[in-house]
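Shown next, in structure tokens, is the structure this report addresses.
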Amino acid sequence: MDQLRKKASDQLDFEPQIFKANNEEDRKAVENILNKIEGVNVFDELLGQLQELAKSRNPKIEKFTVQDATTWIDAHLSGSDLSHYGVYVYYPWSKRLLHILDKEEFIEVRTNRNRNKITLEESKVLATKKVGVIGLSVGQSVSMTLAMERGFGEIRLADFDLLELTNLNRIRTGLQNLGISKVISVAREIKEMDPYLNVTAFTEGVTEENIDRFYTEGGLLDAVVDECDGLYIKILCRIKAKEYRIPVLMEASDRGTLDVERFDLEPDRPILHGYIDHLDFSAAKGLVTNEEKLPYLLSIAGIDVLSEKMKASMLEIGQTLTTWPQLASAVTFGGGMTADVCRRIFLNTYTESGRYNVDLEELIGNKSVAAEEEEEIVKVETDVLQNIRSNYEGKQDRQKAVLTENELDLILKSAIQAPSGGNTQPWQWELKNNSLLLHHAVDLSTQFLDYKHRGAYISFGCAIENVVLQAHSLGLEVLVQEFPDAQNLTMIAELSFYREKDVTGVESHDFDELNEFQGKRCTNRKIGNPVKIESEKLELFRSHIESVEGTKLHLLERAEDIAKLGELVGIAERMLFTNQVSHKEFMNEVRWTREEAKSTRTGIEIASLDFNLSEITGFKLARNWEVVKQLKKWNGGGAFEKMGRKCINASSAMGLVSVPHYTELEYLRAGRGIQRGWIKANEMGISLQPMSALIFLFARLTKGDCEGLTQKMKDELEAIRPVYQKLFPGLGDRAEVFLFRLHVGKFHGPLSYRKFKEEVFVG
Numbered sequence: 085m086d087q088l089r090k091k092a093s094d095q096l097d098f099e100p101q102i103f104k105a106n107n108e109e110d111r112k113a114v115e116n117i118l119n120k121i122e123g124v125n126v127f128d129e130l131l132g133q134l135q136e137l138a139k140s141r142n143p144k145i146e147k148f149t150v151q152d153a154t155t156w157i158d159a160h161l162s163g164s165d166l167s168h169y170g171v172y173v174y175y176p177w178s179k180r181l182l183h184i185l186d187k188e189e190f191i192e193v194r195t196n197r198n199r200n201k202i203t204l205e206e207s208k209v210l211a212t213k214k215v216g217v218i219g220l221s222v223g224q225s226v227s228m229t230l231a232m233e234r235g236f237g238e239i240r241l242a243d244f245d246l247l248e249l250t251n252l253n254r255i256r257t258g259l260q261n262l263g264i265s266k267v268i269s270v271a272r273e274i275k276e277m278d279p280y281l282n283v284t285a286f287t288e289g290v291t292e293e294n295i296d297r298f299y300t301e302g303g304l305l306d307a308v309v310d311e312c313d314g315l316y317i318k319i320l321c322r323i324k325a326k327e328y329r330i331p332v333l334m335e336a337s338d339r340g341t342l343d344v345e346r347f348d349l350e351p352d353r354p355i356l357h358g359y360i361d362h363l364d365f366s367a368a369k370g371l372v373t374n375e376e377k378l379p380y381l382l383s384i385a386g387i388d389v390l391s392e393k394m395k396a397s398m399l400e401i402g403q404t405l406t407t408w409p410q411l412a413s414a415v416t417f418g419g420g421m422t423a424d425v426c427r428r429i430f431l432n433t434y435t436e437s438g439r440y441n442v443d444l445e446e447l448i449g450n451k452s453v454a455a456e457e458e459e460e461i462v463k464v465e466t467d468v469l470q471n472i473r474s475n476y477e478g479k480q481d482r483q484k485a486v487l488t489e490n491e492l493d494l495i496l497k498s499a500i501q502a503p504s505g506g507n508t509q510p511w512q513w514e515l516k517n518n519s520l521l522l523h524h525a526v527d528l529s530t531q532f533l534d535y536k537h538r539g540a541y542i543s544f545g546c547a548i549e550n551v552v553l554q555a556h557s558l559g560l561e562v563l564v565q566e567f568p569d570a571q572n573l574t575m576i577a578e579l580s581f582y583r584e585k586d587v588t589g590v591e592s593h594d595f596d597e598l599n600e601f602q603g604k605r606c607t608n609r610k611i612g613n614p615v616k617i618e619s620e621k622l623e624l625f626r627s628h629i630e631s632v633e634g635t636k637l638h639l640l641e642r643a644e645d646i647a648k649l650g651e652l653v654g655i656a657e658r659m660l661f662t663n664q665v666s667h668k669e670f671m672n673e674v675r676w677t678r679e680e681a682k683s684t685r686t687g688i689e690i691a692s693l694d695f696n697l698s699e700i701t702g703f704k705l706a707r708n709w710e711v712v713k714q715l716k717k718w719n720g721g722g723a724f725e726k727m728g729r730k731c732i733n734a735s736s737a738m739g740l741v742s743v744p745h746y747t748e749l750e751y752l753r754a755g756r757g758i759q760r761g762w763i764k765a766n767e768m769g770i771s772l773q774p775m776s777a778l779i780f781l782f783a784r785l786t787k788g789d790c791e792g793l794t795q796k797m798k799d800e801l802e803a804i805r806p807v808y809q810k811l812f813p814g815l816g817d818r819a820e821v822f823l824f825r826l827h828v829g830k831f832h833g834p835l836s837y838r839k840f841k842e843e844v845f846v847g
């Protein structure tokens with residue numbers, strides 16, 4: 085039983101013992117092995133090898149018979165005993181003893197079928213070459229292919245890892261090798277195929293300490309094949325290759341991608357073709373998890389180069405996968421391709437650098453694409469609203485003030501600063517009969533998430549509140565008439581201004597002090613810390629939101645309740661990302677650079693989301709619907725849930741605003757209370773971030789007869805709805821308006837741009 089417990093990792097021998105058959109001492113050593121070691125298996129195929137040698141040296145004989153071979157062998161041996169010819173090779177790890185040809189004749193016979201794809205002269209050149217292989221998954225295939233062709237004189241193998249069962253989907257070896265060093269396993273396979281090839285083992289892998297020895301000990305390498313997972317070593321091996329002027333090859337086993345960097349001919353070329361020049365090389369050393377490495381790995385691989393399945397798989401690492409997938413077919417194909425290019429580099433018939441794709445699915449695919457079963461897409465109705473300007477002319481009233489140009493500019497500036505879903509700014513302002521008219525630009529509202537435009541109505545309420553606050557600061561009274569055109573709900577409000585103080589029905593001045601901080605209100609998407617907020621501040625916040633009749637604020641402050649809600653919000657985020665309509669709407673809202681945000685002056689800038697580099701990289705992958713479509717097929721997308729949970733779990737409190745009825749007017753008015761509370765919260769140092777995706781999906785479930793929802797979405801929402809209702813027991817049958825998180829933390833910029841006055845105002 086002690087033998088069974090012997091660790092496979094302790095097996096480090098890979099050099100066979102070679103005995104000259106014509107040497108008496110060596111023959112005695114062979115006899116000693118046979119006598120003293122139990123269970124030795126003997127394989128004596130020398131005669132067959134001599135027959136092959138005879139045939140290869142007589143290619144002009146059309147039908148080379150056994151008798152021809154026997155005659156040639158007898159003459160070749162000159163009477164020598166067959167048992168005294170060639171060499172005996174003993175492999176101690178497998179207890180196999182072989183009788184084979186001596187080196188020169190062995191090589192001649194074993195490489196006979198190479199000719200003349202590899203000429204005798206080229207074989208001699210290749211026999212002088214030294215190649216180093218770092219990483220032995222794809223590297224195993226490269227190494228074995230090079231060895232089969234005898235494409236080197238020495239190979240240096242480096243990998244610190246041991247063989248595991250999960251490796252056997254792509255590494256050709258037996259179960260008996262599990263737990264053995266990958267280096268030892270490959271070295272043994274090479275030696276079992278050709279004991280005369282020189283193999284050097286680096287079972288500790290390539291490290292900062294041994295990399296110079298790997299490159300130079302025993303002679304400078306002629307080429308390096310990089311197939312390692314270690315990000316820092318991937319970078320370091322190229323830095324050293326530049327220093328020593330050694331070419332580097334790398335195969336990615338996805339879409340047949342092969343990189344060649346000829347540092348021998350172009351020592352000043354940037355590593356990895358310059359794809360990672362924007363990243364911090366030194367930081368790569370400290371990265372541990374695949375998630376941390378993702379931005380570097382994707383920059384190396386190239387987002388545009390990867391297959392959709394590989395991109396989608398990247399998003400599942402840490403969710404349903406532990407690492408990126410590889411297939412034996414791709415690894416084997418890549419091994420052959422890399423070995424071929426390496427040989428041509430050694431023979432100086434290929435002298436260029438570059439990235440190449442040999443995509444078999446593109447090269448060998450159906451000429452006509454078969455109809456694929458599409459996902460269930462439910463038509464999203466845009467209800468009765470049309471993007472038609474109301475003919476409403478405004479209230480005739482001689483008392484109305486004629487705004488000065490400066491007053492109008494200040495009022496509109498405040499109005500435009502109001503928040504809106506995705507920063508779409510779905511408003512159009514118009515001045516008629518000395519009234520400021522607020523129109524709904526329906527085509528700017530999202531159609532899936534903003535069900536029945538309730539989110540837009542909240543934004544309009546926020547904008548109206550800003551106008552009132554600014555007008556009051558200018559000494560003006562404001563009369564607000566909501567939905568003045570009963571025939572057209574795109575006519576949101578008419579705002580009339582007065583200089584007299586005795587006008588009936590004008591807005592109160594209860595919240596005028598908010599105007600001083602109104603321009604500083606912002607959405608803080610920084611993750612922050614779940615610091616407890618003082619109850620006095622929360623009550624003051626509540627009083628501002630509930631200042632609108634019928635509006636109610638529900639708060640969650642217990643960490644366990646917040647975490648439960650985080651699970652639900654995460655599910656909603658995943659559902660939206662994996663729905664084709666909402667995915668398109670969301671991606672249309674994202675601004676990937678400051679320049680893009682500035683040019684459009686709409687949308688949410690990715691830099692404002694407080695994502696780490698890995699999360700931003702994941703978002704870039706998710707831009708492509710075909711990638712997300714793969715996730716959906718696999719029932720994946722856990723990364724989207726994770727981001728939602730992460731945000732919620734870092735909250736000090738979660739808030740939900742509700743109103744008695746699901747009407748346009750109540751949502752519009754609730755928006756005013758929300759804006760008051762938001763400004764007051766920011767003034768008190770409390771940050772607010774809308775998180776309403778969940779309740780907007782619930783609205784389609786409970787208010788819209790499941791319009792726009794697939795059956796799967798409907799089932800999932802129905803399953804989580806009771807959990808949500810338990811978190812907000814005071815909700816009852818009230819309509820959910822606005823879900824948000826509160827946290828305490830410094831503002832994480834940048835501020836979102838707003839459209840210019842000329843884009844949203846008609847004089």
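Going by this note's numbering, the sequence shown opens with residue 85, and the numbers climb by one from there.
Even glycine gets a Cβ: it sits at the ideal position worked out from N, Cα and C.
- Beta-bridge analysis with DSSP links Pro774 to Phe824.
- Judged by beta-carbon spacing, Leu553 lies beyond the 8 Å limit of Phe581, meaning their Cβ atoms are not closer than that value.
- In this structure Asn507 is buried. Its beta-carbon is surrounded by 16 or more other beta-carbon atoms within 10 angstroms.
- Taking Lys187 as the centre and dropping the five residues before and after it, the same chain places the C-beta of Tyr280 closer than 7 Å to its C-beta, in chain order.
- Residue state for Val590 is assigned as coil, using DSSP reduced to three classes.
- Take Ser519, set aside five residues on each side of it, and the residues of its chain with a beta-carbon closer than 7 Å to its own are Gly478, Lys479, Lys484, Glu578, Leu579 and Ser580, in chain order.
- Looking at the backbone, the Cα of Arg482 and that of Glu566 are separated by about 20 Å.
- With a contact defined as Cβ atoms closer than 8 Å, Val309 and Ile218 qualify at about 7 Å.
- Put simply, of Leu241, Leu262, Asp243 and Ile239 the residue whose alpha carbon is nearest the alpha carbon of Thr250 is Leu262.
- Ranked by Cα distance from Glu109, the options Leu563, Ala734, His168 and Thr607 are led by His168.
- Nearest in C-alpha terms to Ser735, of all of Cys790, Ile646, Glu699 and Leu496, is Ile646.
- Contact annotation: the region 188-207 touches the region 230-238, with at least three C-beta pairs closer than 8 Å.
- Buried is the label assigned to Lys395, since at least 16 other Cβ atoms lie within 10 Å of its Cβ.
- Between Ser397 and the set Ala723, Lys144, Gln773 and Phe127, the nearest pair of CA atoms involves Ala723.
- Considered as a whole, the region 378-423 harbours 392-400 as its complete alpha helix (DSSP H) runs of no fewer than 4 residues, in chain order.
- Under the criterion of beta carbons closer than 8 Å, Tyr172 and Val114 qualify as touching, at roughly 5 Å.
- DSSP, read as helix, strand or coil, puts Leu130 in helix.
- Going by DSSP, His556 is part of the alpha helix (DSSP H) stretching over Arg538 to Ser557.
- Nearest to Ser771 by alpha-carbon distance, out of Leu622, Phe703 and Leu826, is Leu826.
- Around the CB of Asn572, 16 or more other CB atoms lie within 10 Å, so the residue is classed as buried.
- Leu315 places its beta carbon 8 Å or farther from that of Gly702.
- Taking the C-beta atoms as reference points, Leu801 is found no nearer than 8 Å to Gln809.
- Rounded to whole angstroms, the separation of the alpha carbons of Ala643 and Lys830 is 21 Å.
- Ranked by Cα distance from Leu740, the first of Ile323, Leu637, Ala336 and Asn116 is Leu637.
- Runs of the alpha helix (DSSP H) lying entirely within the region 278-352, each at least 4 residues long, are 295-300 and 315-328 in chain order.
- The C-alpha of Ile576 is placed about 6 Å away from the C-alpha of His524.
- Assignment of Ile576 by DSSP, reduced to helix, strand and coil, places it in the strand class.
- Gln509 places its beta carbon 8 Å or farther from that of Lys841.
- Look at the beta carbons and you see the region 604-621 touching the region 762-771: at least three pairs across the two are nearer than 8 Å.
- Here the alpha carbons of Tyr440 and Lys393 stand approximately 19 Å from one another.
- Taking all protein chains shown into account, Gln759 has 16 or more neighbouring C-beta atoms within 10 Å of its C-beta and is therefore buried.
- Phe782 and Arg805 have their alpha carbons spaced roughly 8 Å apart.
- If you draw a straight line from the Cα of Leu496 to the Cα of Asn599, it comes to about 14 Å.
- For Gly418, same chain residues with a beta-carbon under 8 Å away, outside a window of 5 residues either side, are Val222, Ser225, Val226, Glu335, Ala336, Ser337, Gly340 and Leu342 in chain order.
- Inter-residue distance for Gly650 and Gln773 is about 14 Å (C-alpha atoms, whole angstroms).
- When the beta-carbon positions are compared, Val551 and Ser627 stay at least 8 Å from each other.
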